[in-house]
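Numbering-wise, our numbering puts 169 at position 165 of the sequence shown, and it's gapless, one number per residue.
Please read the structure below before turning to the comments.
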Amino acid sequence: MALALAAAFCGSTAQAQDPAAQWPDRPVHFIVPFAVGGSTDLVMRRVADELGKETGQPMIVENRVGGGGLVGASWITRQKPDGYTLMIGTISTHAMHPSVFKSLPYDIFKDFTPVTMIGTIPDLIVVNPQVPAKTLPEFIALAKSKPGRITYASGGPGTSSHLGAEYFAAEAGIKLNHIPYKGSGPALVDALGGHVDMMLDVIMTSLEPVKNGRMRALAVTSLTRSPLMPDVPTVDELGIKNFEAIIWFAIYGPSGLAPDMQQRIADRIDHVLQRPDMKAFLLQQGIQVAGTGPAQLAAQMRTDYAKWKHVVEISGFEPQ
């Protein structure tokens, strides 16, 4: 009996001294490297709010904006890796930026600890209704008949909408004329006005214009159809096999976060993500829940880094 009591006491004492087992036992700070009100900010605030309700600890969301996400991401790398200062990153900050910028203030593989992927959102390939192509194969045929004369809008050089369109063009064997804008909003305005022919951007950008007939959807860029537009086929279905150009959101800590703390945080966040109300909220933003955990997120980063590095090289884009 004495031995059993001693063992139980030692076990409870060890658990009490285990930082991972107790996480969170004080407020947690989440950094958003983009502006208040954007999709990344909305996702992080909802996840933090629900995580706070579940754990009973304050979850503080702070926006550190600048450099297309570089300022906030760089700041995280200088914080203590104790599990109480984390960030939400995206495919841009943690897969594309190393190829888009000549130099970064951080190394995506050495300076961060991947925790878990929150979710993914596909791009949608759309054309102005004046474009005669009704399907993606027809659009590809049209572009091949007019090399370099079919225009597409993007949110700017080096953005996911630019690189996604270049990736599609390369895989389809066509040459498109890039018309860059300062953001997806102005790009969509000119696409709606017929000043450019085609646009590839996250599904929420052109969802309403497609529904009201002001734009025509040709395909989604995920490997599976989007629940928001189940009648729109994937690029893969239409013949360009394994084509995928998605955006993802993920949680990171600074480099050096202990593996048990890394897994503990991932488990708590993933539990929140699996709730029906959270899935419904994210789907309203066009996002499908992932909840991958650390290993799968790390693997996705490596895959996407290699993919977009190749796309930048073949597109002729000069890193800024």
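Ideal Cβ positions, reconstructed from N, Cα and C, are used throughout, including at glycine.
Bear in mind that the values here come from a model prediction, so they are computed numbers and not experimental data.
- The C-beta distance from S158 to S96 rounds to 13 Å, too long to meet the 8 Å contact threshold.
- An exposed status is given to S149, since fewer than 16 other beta-carbon atoms sit within 10 Å of its beta-carbon.
- Looking at the backbone, the Cα of A25 and that of R68 are separated by about 29 Å.
- Each residue's CA atom was taken as its position, placing V135 and H166 some 20 Å apart.
- Here the alpha carbons of D22 and D281 stand approximately 32 Å from one another.
- In the structure shown, I318 adopts helical secondary structure according to DSSP, grouped into three states.
- For I183, the uninterrupted beta strand (DSSP E) segment begins and ends at N181 to P184.
- Taken through DSSP and simplified to helix, strand or coil, R220 comes out as strand.
- Contact between the stretch 255 to 267 and the stretch 112 to 122 is present: 3 or more CB-CB pairs across the two stretches fall below 8 Å.
- A169 and L204 do touch by the CB rule: their CB atoms are close to 4 Å apart, below 8 Å.
- Going by C-alpha positions, V236 is about 21 Å away from K283.
- F247 sits in coil when the DSSP states are folded into three classes, being neither helix nor strand.
- The beta carbons of G162 and N181 sit no closer together than 8 Å.
- Put simply, of Q61, N246 and L222 the residue whose alpha carbon is nearest the alpha carbon of L140 is L222.
- The stretch 129 to 210 contains, as complete beta strand (DSSP E) runs of 3+ residues, the segments 155 to 158, 181 to 184 and 202 to 206 (chain order).
- With respect to P85, Q61 sits apart: the two C-beta atoms are not nearer than 8 Å.
- One thing to note: G70 has its Cβ no nearer than 8 Å to the Cβ of M63.
- Residue burial annotation: S188 is buried, with at least 16 other C-beta atoms found within 10 angstroms of its C-beta.
- C-alpha of D271 to C-alpha of H98: approximately 21 Å in a straight line.
- V276 carries a helical assignment under DSSP once its states are collapsed to helix, strand and coil.
- Within a 10 Å sphere around the beta-carbon of A39 sit fewer than 16 other beta-carbons, which makes this residue exposed.
- Take E58, set aside five residues on each side of it, and the residues of its chain with a beta-carbon closer than 7 Å to its own are V276, in chain order.
- Here the alpha carbon of A137 sits roughly 15 Å from the alpha carbon of I178.
- Nearest Cα to L108 within the set L46, H199, G260 and G76: G76.
- DSSP, read as helix, strand or coil, puts A254 in strand.
- Scanning Y185, W79 and H199 for the CA closest to the CA of N132 turns up H199.
- If you draw a 10 Å sphere on the C-beta of H314, you find fewer than 16 other C-beta atoms in it, and that means exposed.
- For the alpha helix (DSSP H) assignment, the uninterrupted runs of no fewer than 4 residues enclosed by the stretch 98 to 126 are, from N- to C-terminal side, 101 to 104.
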